[in-house]
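Inspection log for the structure reproduced underneath, given as structure tokens.
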Amino acid sequence: MRTRLWTMSALVGVLTTGCTTDEPASASRLDAGEPSWVELAAHNFGPPINTMWSEGELAFADDGTMVFTSNREDLAVAPGDAKDLYIATFDKETGQWSTPVNMGIPVNAPPATDVDPLRLGDDREPWITPDGHTIFFKSDRLATTAPRNANDVFVTHKVDGQWSEPEKLPYPISTDAGNEHCPMLLRDGQTLCFASQREGGYGGSDIWCSQQDEDGSWQDPVNQGPNINTAAEEFHFMEDKDGWVYFTSNRPGGFGGMDIWAAQHLADGTGPDAWSLATNLGPSVNTASADMCPALAPDDETMAWFSNRPDINWGGADIFWTYKKNPEVAP
Ligand SMILES: [Ca+2]
Ligand SMILES: [Ca+2]
Ligand SMILES: [Ca+2]
Numbered sequence: 000m001r002t003r004l005w006t007m008s009a010l011v012g013v014l015t016t017g018c019t020t021d022e023p024a025s026a027s028r029l030d031a032g033e034p035s036w037v038e039l040a041a042h043n044f045g046p047p048i049n050t051m052w053s054e055g056e057l058a059f060a061d062d063g064t065m066v067f068t069s070n071r072e073d074l075a076v077a078p079g080d081a082k083d084l085y086i087a088t089f090d091k092e093t094g095q096w097s098t099p100v101n102m103g104i105p106v107n108a109p110p111a112t113d114v115d116p117l118r119l120g121d122d123r124e125p126w127i128t129p130d131g132h133t134i135f136f137k138s139d140r141l142a143t144t145a146p147r148n149a150n151d152v153f154v155t156h157k158v159d160g161q162w163s164e165p166e167k168l169p170y171p172i173s174t175d176a177g178n179e180h181c182p183m184l185l186r187d188g189q190t191l192c193f194a195s196q197r198e199g200g201y202g203g204s205d206i207w208c209s210q211q212d213e214d215g216s217w218q219d220p221v222n223q224g225p226n227i228n229t230a231a232e233e234f235h236f237m238e239d240k241d242g243w244v245y246f247t248s249n250r251p252g253g254f255g256g257m258d259i260w261a262a263q264h265l266a267d268g269t270g271p272d273a274w275s276l277a278t279n280l281g282p283s284v285n286t287a288s289a290d291m292c293p294a295l296a297p298d299d300e301t302m303a304w305f306s307n308r309p310d311i312n313w314g315g316a317d318i319f320w321t322y323k324k325n326p327e328v329a330p
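Residue 111 in numbering that gives the first Met the number 0 sits at position 112 of the sequence shown, with consecutive numbering throughout.
In structure tokens, the structure reads:
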């Protein structure tokens, strides 16, 4: 499998200068019948992606372009800005990531707390379409204290090399009470899934999915049911090419705080009957820290996520990657 890896295998050499705790595979754990992720080492992306500040949610276009979140202060669009979206590209010849570029205004919004105290300039959780032309993300740029609406879902398009003024996805995607975030399209390119605290869920944040009618309006989002959603937090739904979805949850049964979980796509479409019971990706990926928001590289064989795990870390939260192997189906 490793000979077919896309770009990230070259990162190993880059990263060993600062992070040397990668462990070799453990056959005994596989023999024990645990999910196959457990023997897979977590690799830190290292600089220039990870910094002393926090790096967070990320996504890849098919050409390897990575869009990700950071609260780094040296490149923010404004002083005191909560988080911005950044773009970096990987050079296959040198095995190096480019220095991240702040996507700038208008994609990133500066703080506007004079308008409303909830408008902190918090732009994050990007998901980029495979063609690299569209980015969905969440922002607090239109947040309101009354009604309390901290987050909405936005989309920007690359037109003639420039990213457009982001547009809010209208109701029933964004609502005044649901704090919608973590948008992304499933592999069909048509089903938008996102997290929301709206009524009708299982508690806290749940994962909901919707499609557009022919006139472009979004259908009422459908809760993805109890195999995905629980009374705990669920968000950041992402699908691979093998029919698995991955998401973040702090439900009981994990390794502490937020963990990454997976479920298998059992039926066409989405909805409560579409998914198997969720299974935890196991230690290595999941730790007692916050382990969150997976993204797949274009080869579909390396998975990246972010964590504030203290063991291999440049400061705050960092972005990590590992080799992807599908987990066993939960009993
Ligand atoms: Ca960091
Ligand atoms: Ca929930
Ligand atoms: Ca965790």
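Glycine residues also receive a C-beta, built at the ideal position from the N, C-alpha and C atoms.
For residue j and residue i, believed in contact at Cβ under 8 Å, the rounded distance
i, j, result
"V154", "E166", "6 Å"
"N307", "A289", "5 Å"
"L57", "M65", "6 Å"
"F305", "E92", "Wrong, their Cβ atoms sit about 27 Å apart, outside the cutoff."
"Q223", "T269", "6 Å"
"A230", "G202", "4 Å"
"L119", "T112", "7 Å"
"F234", "S283", "Not quite, the Cβ-Cβ distance comes to about 22 Å (not below 8 Å), so this is no contact."
"D151", "S173", "4 Å"
"L117", "A149", "5 Å"
"L84", "T68", "6 Å"
"H182", "W126", "It should be pointed out that residue 182 corresponds to Pro in this sequence rather than to His. Sure, about 6 Å apart at Cβ, within 8 Å."
"G256", "A287", "7 Å"
"N107", "D130", "In fact, because the Cβ distance is near 22 Å, the residues do not count as touching under 8 Å."
"G281", "Q263", "With 8 Å as the limit, G281 and Q263 do not qualify as a contact, their Cβ atoms being about 16 Å apart."
Closer than 7 Å: residue i CB and nearest ligand 2 heavy atom
i, result
"G200", "yes"
"T229", "yes"
"G203", "yes"
"E179", "no"
"E233", "yes"
Alpha-carbon spacing of residue i relative to residue j, whole angstroms
i, j, result
"C208", "N226", "14 Å"
"M291", "F246", "8 Å"
"T144", "F193", "22 Å"
"E124", "L184", "13 Å"
"Y322", "V114", "45 Å"
"R71", "D258", "24 Å"
"K324", "H42", "15 Å"
"K137", "G188", "19 Å"
"N49", "D317", "6 Å"
"D310", "M302", "19 Å"
"D21", "A294", "With a pLDDT of 36 at D21, under the threshold of 50, the modelled position of that residue is not reliable, and the figure given next carries that caveat. The straight-line gap from Cα to Cα measures roughly 20 Å."
"F333", "S248", "The first residue shown for the chain is 0 and the last is 330, placing residue 333 beyond what the model contains."
"G252", "N285", "11 Å"
"G200", "N178", "13 Å"
"D298", "W217", "31 Å"
"E327", "P46", "34 Å"
"L338", "S275", "The shown model of the chain, from 0 to 330, leaves out residue 338, and the question about it has no answer."
"Q95", "I86", "14 Å"
"A261", "D80", "33 Å"
"D90", "D61", "14 Å"
"V76", "H180", "21 Å"
"D239", "N101", "28 Å"
"T16", "F319", "For T16, the predicted model reports a pLDDT of 30, less than 50, meaning its position is unreliable; a value from the coordinates is still stated below. When rounded, the distance between both Cα atoms is 15 Å."
"P110", "G103", "13 Å"
"M237", "I134", "15 Å"
"Q389", "R186", "Since the first and last residues shown for the chain are 0 and 330, residue 389 lies out of range."
Residue i Cβ short of 7 Å to ligand 3 heavy atom set
i, result
"T278", "no"
"S248", "no"
"D258", "yes"
"N307", "no"
"R288", "At residue 288 the sequence reads Ser, which differs from the Arg that was named. Flag set: Cβ of S288 near ligand 3."
"G252", "no"
"N150", "no"
"N325", "no"
"N285", "yes"
"G255", "yes"
Bridge partner(s) assigned by DSSP for residue i
i, result
"T263", "The sequence shown places Gln at residue 263, not Thr. For Q263, which the question treats as bridged, DSSP gives the partners W243."
"W96", "F89"
"P282", "N285"
"M237", "Y245"
"Y322", "T301"
"C208", "C192 and V221"
"N101", "Y85"
"S306", "D290 and D317"
"L295", "M302"
"D258", "S248"
Contact test: residue i Cβ vs ligand 1 heavy atom, cutoff 7 Å
i, result
"M291", "no"
Completely contained beta strand (DSSP E) runs for the segment 116 to 191, where each covers 3 or more residues: 122 to 127, 133 to 138, 151 to 158 and 180 to 184
Ligand 5 site residues, beta-carbon cut 7 Å against heavy atoms: Judged by which ligands are present, ligand 5 is missing from the structure shown, whose ligands are ligand 1, ligand 2 and ligand 3.
Residue ranges of each beta strand (DSSP E) within the segment 31 to 76, 3 or longer: 54 to 59 and 65 to 69
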